[in-house]
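In the working numbering, the protein residues as written are 52 to 392.
All C-beta atoms, glycine included, are put in the ideal place defined by N, C-alpha and C.
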Ligand code: GAL
């Protein structure tokens, strides 16, 4: 009798073990193997870009927050392409060959995404692009490609509204010499970047729609960089003495470059300067009164969106079940206008 009971128990245990193995196998086959750690590769076009280095810091913070919330370890490997697309392609290739679960890519050249996408598709490594938007044709090459960014038009309209509001309150605070037109100079980002063209167009359009009588003195491409913008501004201040009333800049760093030039030349006219990004450096210039305004994008939300989408893809989950997406693959980060008080 005892022997029979033992045999029955052994058979029952063997049965249970078989069912357990079978369930596990089924899960593995359907890609549901439970993961306790994910490896994400972060590829930056230029690590010393102020806005990008702020996003990088926020990504590290959000990866930790995700770990705490889910108990899933997130290993981030961050690489700087130093503005070289070939370098970035090799960095991506290496991460793909090392079996990274997903890549988060800030492309050097937004028209060159297909090389990387081809490699990622073969190895089934999803990509979340951010800040430098690939052309639509490339984003449609595969269903595991996403984009996180800030709407360039929205940034520009908000930037334009800052000036419109100041002008409406007191036209002479912007039209400094009261001649009925606002003489402005324009600092633009890289020509190949989707943000430069759209921001310029919509900022100027918003000012005109808002009734600010504009007159462009000159403009230059300072590639998002403070030092390049500062050199331009110094030259313009000498070329147009006492004439510049407004500086419209595609980002905060270039706006700060203009501030540097004004201070270096000890200009005392209250020239108004507006930026976009809301970097900590931009905000402190705003608090000091050196900038009239900026448009701040929510960096925490930016990084949270990237990590949420990348982690979902890494775990074989559907990103749209974790976060609201537009047209299935786009996430647009919120932003707000900030005024000098
Ligand atoms: C823009 C940002 C710039 C610069 C650039 C890099 O969106 O406003 O400051 O970071 O991206 O791609």
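Who are the near neighbours of residue i in its chain, counting only those whose CB is closer than 8 angstroms to its CB and skipping five residues on each side?
i           : result
residue 81  : Confidence at residue 81 is low in this model, with a pLDDT of 46, below 50, so its placement is unreliable and the value that follows should be read with caution. Nothing meets the Cβ criterion.
residue 371 : 379
residue 265 : 232, 233, 235, 255, 258, 259
residue 142 : 92, 94, 130, 132
residue 352 : 384, 385
residue 348 : 201, 206, 328, 329, 384, 385, 386
Please return the same chain residues whose Cβ sits closer than 6 angstroms to the Cβ of residue i, not counting the five positions on each side in sequence.
i           : result
residue 226 : 233
residue 90  : 126, 151, 152
residue 185 : 161, 164
residue 375 : none
residue 377 : none
residue 373 : 359, 363
residue 129 : 93
residue 229 : 223
residue 303 : 326, 328, 330, 333, 345
residue 209 : 346, 388
Note down, in chain order, each residue of its chain lying with its Cβ closer than 7 angstroms to the Cβ of residue i, except the 5 sequence neighbours on either side.
i           : result
residue 206 : 250, 327, 346, 386
residue 159 : 96, 132, 134, 135, 136, 139
residue 242 : 272
residue 283 : 238, 271, 273
residue 350 : 105, 106, 109
residue 355 : 113
residue 72  : The predicted model places residue 72 with a pLDDT of 46, which falls under 50 and marks its position as unreliable; any figure quoted below should be read in that light. Once the five neighbours on either side are set aside, residue 72 has no close Cβ partner at all.
residue 70  : Reliability of the predicted coordinates at residue 70 is poor, the pLDDT of 47 falling under 50, and no value is obtained from them.
residue 166 : 140
residue 86  : 123, 366
residue 183 : 96, 157, 158, 161, 244
residue 312 : 281, 284, 285, 288
Strictly by DSSP, which residues pair up with residue i?
i           : result
residue 389 : 345
residue 267 : 235
residue 90  : 126
residue 244 : Bridge partners of residue 244: none, in fact.
residue 198 : 180, 381
residue 131 : 95
residue 153 : 91
residue 328 : 347
residue 209 : Note: residue 209 sits in no beta bridge, so no partner.
residue 298 : 236, 324
residue 272 : 239
Among the options, whose alpha-carbon lies nearest the alpha-carbon of residue i?
i           : options            : result
residue 263 : 244, 270, 283, 221 : 221
residue 277 : 269, 310, 246      : 310
residue 281 : 305, 261, 269      : 305
residue 364 : 195, 218, 267, 279 : 195
residue 269 : 323, 294, 231      : 294
residue 100 : 275, 352, 342      : 275
residue 340 : 314, 330, 391, 307 : 391
residue 168 : 224, 192, 116      : 192
residue 246 : 217, 267, 202      : 202
residue 147 : 170, 166, 87, 325  : 170
residue 117 : 143, 145, 88       : 88
residue 212 : 325, 141, 381      : 325
residue 369 : 166, 197, 253      : 197
residue 308 : 323, 292, 279      : 279
residue 397 : 216, 244, 173, 313 : Residue 397 lies beyond the stretch modelled for the chain, which goes from 52 to 392, so this question has no answer here.
residue 173 : 188, 144, 189      : 144
residue 248 : 214, 204, 314      : 204
residue 343 : 216, 381, 119, 120 : 216
Of all Cβ atoms in chain D, is any one closer than 8 angstroms to the Cβ of residue i?
i           : result
residue 132 : Checking the listed chains, one finds no chain D in this structure; it contains a single protein chain.
Decide if the segment 317-333 is in contact with the segment 279-298; the criterion is three or more beta carbon pairs, one per stretch, under 8 angstroms apart. yes
Taking 8 angstroms as the cut-off, does the segment 327-335 touch the segment 358-377 (at least 3 CB pairs, one atom from each stretch)? no
Counting pairs of Cβ atoms below 8 angstroms between the segment 233-246 and the segment 295-304, do you hit three or more? yes
Pairing CB atoms from the segment 141-159 with CB atoms from the segment 173-182, are three or more of them under 8 angstroms? yes
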